[in-house]
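Shown next, in structure tokens, is the structure this report addresses.
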Amino acid sequence: MNIKTVMVIGAGQMGGGIAQVCAQSGYNVILNDLKDEFLTRGLGVIKKNLNRAVSKERMTEEDKNATLGRITRSTDLNDAKNADLIIEAAVENMSIKTKIFETLDQAAPAHAILASNTSSLPITEIAAATKRPEQVIGMHFMNPVPVMKLVEIIRGLATTDEVYQAIEEMTKSLSKAPVEVEDFPGFVSNRILMPMINEAIYTLYEGVATKEAIDDVMKMGMNHPMGPLQLADFIGLDTCLYIMEILHEGFGDSKYRPCPLLRKYVKAGWLGKKTGRGFYSYE
Ligand code: CAA
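The numbering of the sequence shown is the numbering used here, which starts it at 557 and goes up by one.
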């Protein structure tokens, strides 16, 4: 399978990062979002990241311009007709994702692979919205995409070996490390990460230690680059709650019950860094 053009759906934090690493690795990229202003914002972040790479002498000015020149803007999902691989990084909502996949399935050429960057929704269910479930797969990048090495590759129930191998190869061509995972709630990354974060929130809720102390223990004692509460703010507390609910519902096991303090913060609109307040304040 020869992948030359990658379409990325969503120019937010994840989609923008995915578009950047694909363009940097020589792929033609069609960056798609609902509105022009979202594309402008996403491309602005990509430019800022590339400028930093130039200033640190990790990239030449020519390479930067060539990378940016490989990205085209799109607000029409039918542009999928020009893509060999489509990576969807839209909001984490099953009905929105299934609508996008239905449209992509109609528009994309027969050989195209449809991938989702979902962090926790079932790939098998997304694939069932298409007439090509064997060509649907999960490509779960980590945030911040340009920095993190891992891509979890999730096989849906029908995903073929050929499609898996093509995506594994493509991931390596981005200088990322693919890890193969089956389609179960939270995959591997969030099945392990989110209960740790949730437990850190329980530790705070029960008054065992302050937020700073909890984060210090994990940073200095376990060499984590960020403490779990700081990481929760970075990911978004609404996302953490959403994933805990998917684990809780998916396994029916009380060990995944979300901490009441997490629910309270989300209800208050304290969603972490993006709203200026979570466990910490960012104003
Ligand atoms: N985009 C691009 N580059 C970024 C970046 C971003 N958003 N954030 C940081 N960087 C770059 C910086 O520019 C810097 O690069 P230089 O080498 O040019 O200096 C480098 O990363 C290191 O950054 P900093 O020195 O500012 O800070 P740091 O050393 O603390 O690293 C970090 C920042 C990489 C984010 C680090 O704190 C870290 O690894 N944190 C944990 C991240 C993590 O766990 N991610 C997974 C989240 S879970 C997920 O994504 C899955 C899910 O489904 C929820």
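Each residue gets a CB set at the ideal place from its N, CA and C atoms; glycine is no exception.
Comparing the CB of Ile779 with every heavy atom of ligand 1, is any distance shorter than 6 Å? Here residue 779 is Asn; the residue named in the question, Ile, does not match the sequence. No - ligand 1 has no heavy atom lying nearer than 6 Å to the Cβ of Asn779.
Please classify Val764: is it buried, with 16 or more other beta-carbons within 10 angstroms of its beta-carbon, or exposed? So Val764 counts as exposed.
Measure the CB-CB distance between Asn588 and Ser630 and report whether it falls below 7 Å. Between Asn588 and Ser630, the CB-CB gap stays under 7 Å.
The alpha helix (DSSP H) spanning Val822 covers which residue range? Its alpha helix (DSSP H) spans residues Pro816 to Ala824.
Do Leu817 and Ile757 come within 7 Å of each other at the CB atom, strictly closer than that value? Contact: yes.
By the DSSP assignment, the beta strand (DSSP E) with Val773 in it spans what residues? Unbroken run through Val773 is the alpha helix (DSSP H), Lys767 to Met778; no beta strand (DSSP E).
Length of the line joining the Cα atoms of Met570 and Phe594: Near 13 Å, if we compare the C-alpha coordinates of Phe594 and Met570.
From the DSSP output, read off the bridge partner residues of Thr561. Per DSSP, Asn584.
Pull the bridge partners of Pro734 from the DSSP assignment, please. Under DSSP, Pro734 forms a beta bridge with Val707.
With a cut-off of 8 Å, do at least 3 Cβ pairs link the stretch 598 to 613 to the stretch 633 to 641? Verdict: no, contact absent.
Do you know whose CA, among Gly783, Glu768, Lys820 and Gly742, lies nearest His804's CA? The residue among Gly783, Glu768, Lys820 and Gly742 with its C-alpha nearest the C-alpha of His804 is Gly742.
Leu827 (DSSP reduced to helix, strand or coil): Look at Leu827 here: in three-state DSSP terms it is coil, with no helix or strand label.
7 Å CB neighbourhood of Arg813 in its chain, flanking five on each side removed: Excluding sequence neighbours, Arg813 sits near His804.
Local Cβ density within 10 Å of Pro781, reported as buried at 16 or more and exposed below that: Counting the other CB atoms within 10 Å of its CB gives Pro781 a total below 16, which places it among the exposed residues.
Would you decide whether Met726 is buried or exposed? Buried here means 16 or more other CB atoms lie within 10 Å of its CB. By the Cβ-count criterion, Met726 is buried, with 16 or more other Cβ atoms from all chains shown falling within 10 Å of its own Cβ.
Would you list the residues sitting across from Val692 in a DSSP beta bridge? In DSSP, Val692 forms a bridge with Leu670.
Please find out if some non-hydrogen atom of ligand 1 comes closer than 6 Å to the beta-carbon of Pro734. Distances from the CB of Pro734 to the heavy atoms of ligand 1 are all 6 Å or more.
Cα-Cα separation, Gly783 to Ile748: The alpha-carbon of Gly783 is positioned some 15 Å away from that of Ile748.
Check whether Cys815 and Tyr761 have beta carbons under 7 Å apart: Tyr761 is positioned such that its CB atom lies closer than 7 Å to that of Cys815.
At the level of alpha carbons, what is the spacing between Phe807 and Ser731? Roughly 34 Å between the two C-alpha positions.
When burial is assigned at 16 or more other CB atoms within 10 Å of the CB, is Ser676 buried or exposed? Counting Cβ neighbours within 10 Å, Ser676 comes out buried, since at least 16 surround it.
Quick one: is Leu827 buried, meaning 16 or more other Cβ sit within 10 Å of its Cβ, or exposed? A residue is called buried when at least 16 other Cβ atoms come within 10 angstroms of its Cβ; Leu827 meets this threshold and is buried.
Does Arg813 come out as helix, strand or coil in the three-state DSSP assignment? The answer is coil: DSSP assigns Arg813 none of H, G, I, E or B.
Using 6 Å as the cut-off, classify the Cβ of Lys612 as near or not near the heavy atoms of ligand 1, replying yes or no. Yes, ligand 1 has a heavy atom inside 6 Å of this Cβ.
Could you say if the stretch 703 to 711 and the stretch 614 to 629 meet the contact criterion of at least three C-beta pairs nearer than 8 Å? For the pair of segments examined, the stretch 703 to 711 was found not to touch the stretch 614 to 629: the number of CB pairs separated by less than 8 Å stays below three.
Put Ser676 into one of helix, strand or coil per three-state DSSP. Shown here, Ser676 sits in coil according to DSSP, grouped into three states, outside any helix or strand.
Roughly how many whole angstroms lie between the Cα atoms of Ile753 and Tyr720? Whole-angstrom Cα-Cα distance: 31 Å.
Does ligand 1 have even one heavy atom less than 6 Å from the beta-carbon of Met782? Relative to ligand 1, Met782 has its C-beta within less than 6 Å of a heavy atom.
Once DSSP output is grouped into helix, strand and coil, what is the label at Glu644? Strand, per DSSP.
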